[in-house]
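**Q** Note that the numbering used here gives residue 1137 to position 116 of the sequence shown, counting from 1, and the numbers run on in steps of one.
To start, I am sharing the structure in question, which I have written as structure tokens.
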Amino acid sequence: MMYRECHRVASKPWGGRFEGRTDRRVEEFTESISFDRRLFEHDIRGSIAHARMLAQVNLLTATECDKIVQGLSEIQAEIETGRFAYALEREDIHMHIESALIDKLGDVGRKLHTARSRNDQVATDLKLWTRDALDRVDARLEALQRAFLGAAERYRDVILPGYTHLQRAQPVLAAHYFLAYVEKLARDRSRVADCRKRLNVLPLGAAALAGTTLPIDRAHVAEALGFDGVAANSLDVSSDRDFALESAFVLSLIATHLSGWAEEWVIWSTQEFSFLALPDAICTGSSIMPQKKNPDVLELIRGRSARVLGALQTLLVLVKGLPLAYNRDLQEDKPPLFDAFDTVEACLDLAAVVVDGAKLRADRINERLDEGYLDATTLMEYLIKEGVPQRTAHEVIGHLVGLCEQRGLKRLADLPDDDFARANPKLGPGVKKVLGVDNAVKAFQSYGSTAPGEVERQLEAWRARIL
Ligand code: ARG
1022 MMYRECHRVA
1032 SKPWGGRFEG
1042 RTDRRVEEFT
1052 ESISFDRRLF
1062 EHDIRGSIAH
1072 ARMLAQVNLL
1082 TATECDKIVQ
1092 GLSEIQAEIE
1102 TGRFAYALER
1112 EDIHMHIESA
1122 LIDKLGDVGR
1132 KLHTARSRND
1142 QVATDLKLWT
1152 RDALDRVDAR
1162 LEALQRAFLG
1172 AAERYRDVIL
1182 PGYTHLQRAQ
1192 PVLAAHYFLA
1202 YVEKLARDRS
1212 RVADCRKRLN
1222 VLPLGAAALA
1232 GTTLPIDRAH
1242 VAEALGFDGV
1252 AANSLDVSSD
1262 RDFALESAFV
1272 LSLIATHLSG
1282 WAEEWVIWST
1292 QEFSFLALPD
1302 AICTGSSIMP
1312 QKKNPDVLEL
1322 IRGRSARVLG
1332 ALQTLLVLVK
1342 GLPLAYNRDL
1352 QEDKPPLFDA
1362 FDTVEACLDL
1372 AAVVVDGAKL
1382 RADRINERLD
1392 EGYLDATTLM
1402 EYLIKEGVPQ
1412 RTAHEVIGHL
1422 VGLCEQRGLK
1432 RLADLPDDDF
1442 ARANPKLGPG
1452 VKKVLGVDNA
1462 VKAFQSYGST
1472 APGEVERQLE
1482 AWRARIL
């Protein structure tokens, strides 16, 4: 009688206490196989480690364990080669794989879920997946660092106008500019590493929420799966998605960095700026205006950041009201997390393509380098070195810039010596040594500045760190 009742909710591992079938609409609403199938490899990796541990503590015989490991490996091959049958009634990837194992092995397969719940299983699978994804992101961040470093070396002799408020400010070496992004990406990488470190604690063994009465060895599983330790509180871990949220934040910051850079290069590639030539291979045309060549890749990198920031927001809102421990809401963590990783990985790949392909138009940049009085601050600092208080020096140079503007002179160096001397007696013939962008750049001294020697040192240091 009992046995027959179970069969009425065919193939549901949790069907024992149910009498009626699940409404099809409920199956459609609650399924996660449509997206969590991406976890198959990690689910199988986790299950193999779990089975080996069960054998270790005599909850499985060695033969049973071998059969399970063999069966799981076959299932993995079936999934990888597209021979695996998915069915909505099997809900998620965990039940698909376990059901397929039971189909193969019968009662032996029915032992795999010993001392385990889908709650600690899904947390483990998602951590394993996220850990691999973080490693992929780190490799891509490094590749993009390498691309920026390459550009820094290619254009080491070019001087750029540096901007604040998108207004011309002071001259900077192009190498200094490109290394700025290498630094941002280095911080992104350190956040990835940090996030990975905190993630790397094993949830499996927490079972549903309270642990298990069975004599499991969690350290054994942790070691097999490359975790640094075992989560200490079963209630905490089965509900913990901090690693997903932290990853989404780390990805959001990467996407934000990429978006700001993309915006800058969209501006730089306009005819008005003409700092950058983007090769045909990374541009698209207009269907109505035959002359157009648009920087769509950069625009999409900027635009896709919205999805990543959205994913972070989704995850924060998802978990904010959840009581301990597992709640089905948590199933909703995967689509935004997967999407954030997919998006950032694609953006990082394409960013490297753009950085490798884009050409800095040194001729066009040089033509207008005399505009904007980029040497004004250097001249002010010259006065400070002559003993003039900073506020006074600022006023004096501001006045000279005003004179240039009144007379339509583009460069401070175009002012006659008299005007310098009148503005401040300390502005003698020595000023010529710091005027003009070349001199202005050479005058820099401080650590981390755009001083040629300093930039060279930073280049060397990065070259040694990035292979
Ligand atoms: N598909 C579920 C998820 O992704 C698996 C865990 C289900 N656990 C449960 N007790 N219903 O979260």
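Quick reminder that beta carbons are idealized off the backbone N, C-alpha and C, glycines included.
1. Quickly, what does DSSP pair L1181 with across the bridge? List them, please.
2. For N1460, which of Q1334, A1231, F1248, Y1403 has the nearest alpha-carbon?
3. Going by DSSP, name the residue or residues bridged to T1305.
4. Can you tell which of A1121, R1382, R1219 has its C-alpha closest to the C-alpha of G1130?
5. Any idea which residues DSSP pairs G1250 with across the strands?
6. Using a Cβ-Cβ cut-off of 6 Å (strictly less than) and excluding sequence neighbours within five positions of F1210, which residues of its own chain qualify?
7. Would A1083 be called buried (16 or more neighbouring beta carbons within 10 Å of its own) or exposed?
8. When burial is assigned at 16 or more other CB atoms within 10 Å of the CB, is A1214 buried or exposed?
9. So what does A1298 bridge to, in DSSP terms?
10. Within 10 Å of its beta-carbon, does F1296 have 16 or more other beta-carbons around it, so buried, or fewer, so exposed?
11. Taking 6 Å as the cut-off, does the CB of L1330 come closer than this to any heavy atom belonging to the ligand ARG?
12. Three Cβ pairs or more, each shorter than 8 Å: is that satisfied between the segment 1089-1097 and the segment 1144-1151?
13. Restricting to Cα atoms, I'd like to know which of L1170, D1396, D1263 is closest to K1341.
14. Count Cβ pairs between the segment 1297-1307 and the segment 1226-1238 that sit closer than 8 Å; are there 3 or more?
15. Considering Cα atoms alone, identify which of H1197, W1286, N1079 is closest to D1238.
16. Which residue wins for smallest C-alpha separation from T1234, given the options N1221, L1246, S1255?
17. Assuming I1322 and A1372 are in contact, meaning their beta carbons sit under 8 Å apart, how far apart are those beta carbons, in whole angstroms?
18. Determine which residues share a DSSP beta bridge with Q1188 and list them.
19. Taking only beta-carbon atoms, is F1105 less than 7 Å away from chain D?
20. What number of angstroms, rounded off, separates the C-alpha of A1472 from the C-alpha of K1463?
21. Going by C-alpha distance, which of E1110, S1055, C1216 is nearest F1270?
22. Verify whether the separation of the beta carbon atoms of V1452 and A1168 is less than 7 Å.
23. Give the C-beta separation of V1338 and S1273 to the nearest angstrom, bearing in mind that I take them to be a contact with Cβ-Cβ under 8 Å.
24. When the Cα of D1384 is compared with those of L1181, R1432, T1335, which residue comes out closest?
25. Can you give me the C-alpha to C-alpha distance between Y1490 and K1033, rounded to a whole angstrom?
26. Here's the rule: buried if 16 or more other CB atoms are within 10 angstroms of the residue's CB, otherwise exposed. What is T1364?
27. On the DSSP letters alone, give me the boundaries of the alpha helix (DSSP H) that P1344 sits inside.
28. Less than 7 Å between the beta carbons of Q1191 and L1395, yes or no?
29. Using only the heavy atoms of the ligand ARG, determine whether one of them is closer than 6 Å to the beta carbon of D1128.
30. How long is the line joining the alpha carbons of K1477 and F1199, rounded to whole angstroms?
31. Among L1336, V1242, L1194, which one has its Cα closest to the Cα of E1267?
32. For L1133, which option in I1054, M1074, D1301 has the closest C-alpha, if you only look at C-alpha atoms?
33. May I ask you to check if the CB of L1351 is nearer than 6 Å to at least one heavy atom of the ligand ARG?
34. Answer yes or no: do D1354 and P1224 have a C-beta to C-beta separation smaller than 7 Å?
**A** To lay it out plainly:
1. Mapped onto the sequence shown, residue 1181 falls at position 160. Paired residues: V1193.
2. Position 439 of the sequence shown, counted from the start, is the residue given in the question as residue 1460. Ranking Q1334, A1231, F1248, Y1403 by Cα distance to N1460 puts Y1403 first.
3. Within the sequence shown, the letter at position 284 stands for residue 1305. Paired residue(s): N1315.
4. By one-based count along the sequence shown, residue 1130 stands at place 109. Minimum Cα distance to G1130 is reached at A1121.
5. Position 229 of the sequence shown, counted from the start, is the residue given in the question as residue 1250. According to DSSP, which records beta bridges pairwise, G1250 is partnered with V1222.
6. Locating residue 1210 in the sequence shown gives position 189, where the first residue counts as 1. Looking at the sequence itself, residue 1210 is Arg, so the reference to Phe does not match. Once the five neighbours on either side are set aside, the close Cβ partners of R1210 are D1159, L1162.
7. Locating residue 1083 in the sequence shown gives position 62, counting from the first residue. Under this definition A1083 is an exposed residue.
8. Against the sequence shown, residue 1214 aligns to sequence position 193. Under this definition A1214 is an exposed residue.
9. For the purposes of this step, residue 1298 is taken as the residue at position 277 of the sequence shown. DSSP, once it has assigned bridges, lists K1380 as partnering A1298.
10. Walking along the sequence shown from the start, residue 1296 turns up at place 275. With 16 or more Cβ atoms within 10 Å of its Cβ, F1296 is classed as buried.
11. The residue given as residue 1330 occupies position 309 in the sequence shown. Incorrect: L1330 has no Cβ contact closer than 6 Å to the ligand ARG.
12. no
13. Start at 1 with the first residue of the sequence shown, and residue 1341 comes out as number 320. Comparing Cα positions, the closest option is D1263.
14. At 8 Å Cβ cutoff, the stretches do not touch.
15. Sequence index remark: in the sequence shown, residue 1238 carries index 217 (1-based). Closest by alpha carbon: N1079.
16. Here the question's residue 1234 lines up with position 213 in the sequence shown. Residue S1255 is the option with its Cα nearest to T1234.
17. Taking the sequence shown and counting its residues from 1, one reaches residue 1322 at position 301. Taking the sequence shown and counting its residues from 1, one reaches residue 1372 at position 351. Their Cβ separation, rounded to whole angstroms, is 6 Å, which keeps I1322 and A1372 in contact under 8 Å.
18. Stepping through the sequence shown from its first residue, residue 1188 is reached at position 167. Per DSSP, T1185.
19. Given the protein chain composition of this structure (a single chain), no chain D is represented.
20. Residue mapping note: residue 1472 aligns to position 451 of the sequence shown, counting from 1. Residue mapping note: residue 1463 aligns to position 442 of the sequence shown, counting from 1. Cα to Cα, A1472 sits roughly 6 Å from K1463.
21. Taking the first residue of the sequence shown as position 1, residue 1270 is located at position 249. For the residues E1110, S1055, C1216, the minimum Cα distance to F1270 belongs to C1216.
22. What you label residue 1452 is simply residue 431 of the sequence shown in a count that begins at 1. What you label residue 1168 is simply residue 147 of the sequence shown in a count that begins at 1. No, the Cβ-Cβ distance between V1452 and A1168 is not below 7 Å.
23. If you number the sequence shown from 1, residue 1338 lands on position 317. If you number the sequence shown from 1, residue 1273 lands on position 252. With 8 Å as the limit, V1338 and S1273 do not qualify as a contact, their Cβ atoms being about 14 Å apart.
24. The residue labelled residue 1384 in the question sits at position 363 within the sequence shown. If we check each option's Cα against that of D1384, L1181 comes out closest.
25. Nothing can be reported for residue 1490: it is not among the residues displayed for the chain, which extend from 1022 to 1488.
26. Within the sequence shown, numbered from 1, the residue matching residue 1364 stands at position 343. Answer is buried; the Cβ neighbour count reaches 16.
27. For the purposes of this step, residue 1344 is identified with residue 323 of the sequence shown, where counting begins at 1. No residue range can be given for P1344, since it is assigned to no alpha helix (DSSP H) and is classified by DSSP as neither H nor E.
28. Here the question's residue 1191 lines up with position 170 in the sequence shown. Here the question's residue 1395 lines up with position 374 in the sequence shown. One thing to note: Q1191 has its Cβ within 7 Å of the Cβ of L1395.
29. Within the sequence shown, the letter at position 107 stands for residue 1128. No, Cβ of D1128 sits at least 6 Å from all heavy atoms of the ligand ARG.
30. Taking the first residue of the sequence shown as position 1, residue 1477 is located at position 456. Taking the first residue of the sequence shown as position 1, residue 1199 is located at position 178. Note on identity: in this sequence residue 1477 is Glu, with Lys being the wrong assignment. Taking the straight line from one Cα to the other gives about 13 Å.
31. For this step, residue 1267 is matched to residue 246 along the sequence shown. If we check each option's Cα against that of E1267, L1336 comes out closest.
32. As a working note, residue 1133 is residue 112 in the sequence shown. Of the candidates I1054, M1074, D1301, the one whose C-alpha sits nearest the C-alpha of L1133 is M1074.
33. Numbered from 1 along the sequence shown, position 330 holds the residue referred to as residue 1351. Within the cutoff, so yes.
34. Counting from one through the sequence shown, the residue named residue 1354 turns up at place 333. Counting from one through the sequence shown, the residue named residue 1224 turns up at place 203. The answer is no: Cβ separation not under 7 Å.
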